[in-house]
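In the numbering used here, the protein residues as written are 134 to 279.
Working notes, beginning with the structure itself.
What follows is the structure, encoded as structure tokens:
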């Protein structure tokens, strides 16, 4: 089950696509068949909110994935059998902020910052990398149309 809802909060007068919007997504599935049985996402986005920057966009979002009870039980049982610590956490949460800067009609740059709490819910990796409690992802994207 999933449901995405986008709600216009405010529009720049005389425009169709400029203004402020909120969005939310809720998904759920059977606990015993899914790695995450609940997923929630929400945030706000805006376009053309700064005078003279009608094509610039920004976004602020949060996403939360709840680790299923079945997977947490598997982690506990595996830890008991192997004698290793059970690192499976109850959730993974991401907070993201981004801004798309339209440099020219044909060129844009979009920096992005994401804070990740309990990355991957600390599930074991085939790379044998110890799980991290939190992480920060910084990136940028550019787009050139020709």
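Beta carbons: idealized from backbone N, C-alpha and C, even for Gly.
query, result
"Can you say whether residue 268 is buried or exposed, counting buried as having 16 or more other CB atoms within 10 angstroms of its CB?", "exposed"
"By the three-class DSSP mapping on this structure, what secondary structure does residue 244 have?", "strand"
"Leaving out five residues before and five after residue 179 in sequence, what residues of the same chain have Cβ atoms less than 6 Å from its Cβ?", "153 and 191"
"For residue 141, which residues from the same chain have a beta carbon less than 7 Å from its beta carbon, with the 5 sequence-adjacent residues on both sides left out?", "152 and 154"
"Please identify the residue among 273, 174, 145 and 222 whose C-alpha is closest to the C-alpha of residue 193.", "174"
"Answer with buried or exposed for residue 274, where buried requires no fewer than 16 other C-beta atoms within 10 angstroms of its C-beta.", "exposed"
"Less than 9 Å between the C-beta atoms of residue 233 and residue 247, yes or no?", "no"
"Taking the beta strand (DSSP E) that residue 170 falls in, what are its first and last residues?", "169 to 180"
"Would you check if the distance between the CB atom of residue 195 and the CB atom of residue 181 is smaller than 9 Å?", "no"
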